[in-house]
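Participant: Got a structure for you, questions after.
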Amino acid sequence: KREKQQLKKLESSLKLYAPDSAPALAIKATMEKTKRRFENYGKYGLLCGSDGLPHLIVSGDQRHWGEFITPGLLFLYIAGWIGWVGRSYLIAIRDEKKPAQKEIIIDVPLASRLIFRGFSWPVAAYRELVNGELVDNTV
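In structure tokens form, the structure reads like this:
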């Protein structure tokens with residue numbers, strides 16, 4: 001379905017140009033690439049269906065859990081790491097003379113130290129939650 005939509009758009013663009021003009025040849029090449037792309041994705045079928053689109057099997061079948069749980073947890077870990085490092089950086093610079101300036105021009109040595117400390121963010125977040133330091137009550 002999606003392949004047909006993309007090819008239809010390219011065909012409508014192709015009608016605007018003379019058959020042997022440079023734009024028409026470029027559009028024809030793009031059409032061939034599009035056909036090959038969908039054909040290759042559909043042929044190998046490892047992560048894609050016969051239509052060439054990616055698919056996930058999300059059901060109660062435990063054999064397929066790794067197809068969406070592992071990437072999902074990895075995404076959450078990386079997003080949390082980025083957020084934790086950003087939060088730590090803002091906390092570290094808030095007592096500076098010009099904290100807004102340090103938000104614009106990053107203090108690279110400080111940020112580098114915090115980036116490496118950020119790998120253990122789940123443990124640090126839990127520790128701060130238990131100690132009551134995770135949420136600022138004055139805000």
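Heads up: the sequence shown at position 5 corresponds to 5 in full-length UniProt numbering, and the numbers run straight through without jumps.
All residues carry an ideal CB built from backbone N, CA and C; glycine is no exception.
From what residue to what residue does the alpha helix (DSSP H) around Gln101 run?
Facilitator: Walking along the sequence shown from the start, residue 101 turns up at place 101. Looking at the DSSP string, the run of the alpha helix (DSSP H) that includes Gln101 is 99 to 104.
Participant: With a Cβ-Cβ cutoff of 7 Å, do Gln6 and Thr30 count as a contact?
Facilitator: Here the question's residue 6 lines up with position 6 in the sequence shown. Here the question's residue 30 lines up with position 30 in the sequence shown. In terms of Cβ geometry, Gln6 and Thr30 do not form a close pair [threshold 7 Å].
Participant: Where does Ile91 land, buried or exposed, given buried means 16+ other C-beta within 10 angstroms?
Facilitator: Along the sequence shown, one-based indexing puts residue 91 at 91. Its Cβ having fewer than 16 others within 10 Å, Ile91 is exposed.
Participant: Counting Cβ pairs closer than 8 Å, one from the segment 102 to 112 and one from the segment 59 to 74, do we hit at least three?
Facilitator: no
Participant: Please report how far the alpha carbon of Ile27 lies from the alpha carbon of Leu14, in whole angstroms.
Facilitator: Indexing the sequence shown from 1 puts residue 27 at position 27. Indexing the sequence shown from 1 puts residue 14 at position 14. Their backbone Cα atoms lie some 6 Å apart in a straight line.
Participant: Helix, strand or coil for Arg94 per DSSP?
Facilitator: What you label residue 94 is simply residue 94 of the sequence shown in a count that begins at 1. Three-state DSSP puts Arg94 in coil, outside helix and strand.
Participant: Any idea if Ser88 is buried or exposed, counting beta-carbon neighbours within 10 angstroms, 16 or more meaning buried?
Facilitator: Your numbering for residue 88 matches position 88 in the sequence shown. The residue is buried, with at least 16 neighbouring Cβ atoms inside 10 Å.
Participant: Helix, strand or coil for Val135? Go by DSSP, reduced to three states.
Facilitator: Sequence index remark: in the sequence shown, residue 135 carries index 135 (1-based). Of the three classes helix, strand and coil, the one that applies to Val135 here is coil, per DSSP.
Participant: Would you mind reading off the limits of the alpha helix (DSSP H) that contains Ser13?
Facilitator: Along the sequence shown, read from residue 1 onward, the residue named residue 13 stands at position 13. Per DSSP, Ser13 belongs to the alpha helix (DSSP H) from 2 to 14.
Participant: Do you know how far the Cα of Trp65 is from the Cα of Asp20?
Facilitator: Mapped onto the sequence shown, residue 20 falls at position 20. Mapped onto the sequence shown, residue 65 falls at position 65. Going from the Cα of Asp20 to the Cα of Trp65 covers about 51 Å.
Participant: Take the Cβ of Gly132 as the centre, count every other Cβ of all protein chains shown within 10 Å, and call the residue buried at 16 or more, exposed below.
Facilitator: The residue labelled residue 132 in the question sits at position 132 within the sequence shown. Exposed is the call here.
Participant: Taking the alpha helix (DSSP H) that Arg117 falls in, what are its first and last residues?
Facilitator: For the purposes of this step, residue 117 is identified with residue 117 of the sequence shown, where counting begins at 1. Its alpha helix (DSSP H) spans residues 108 to 117.
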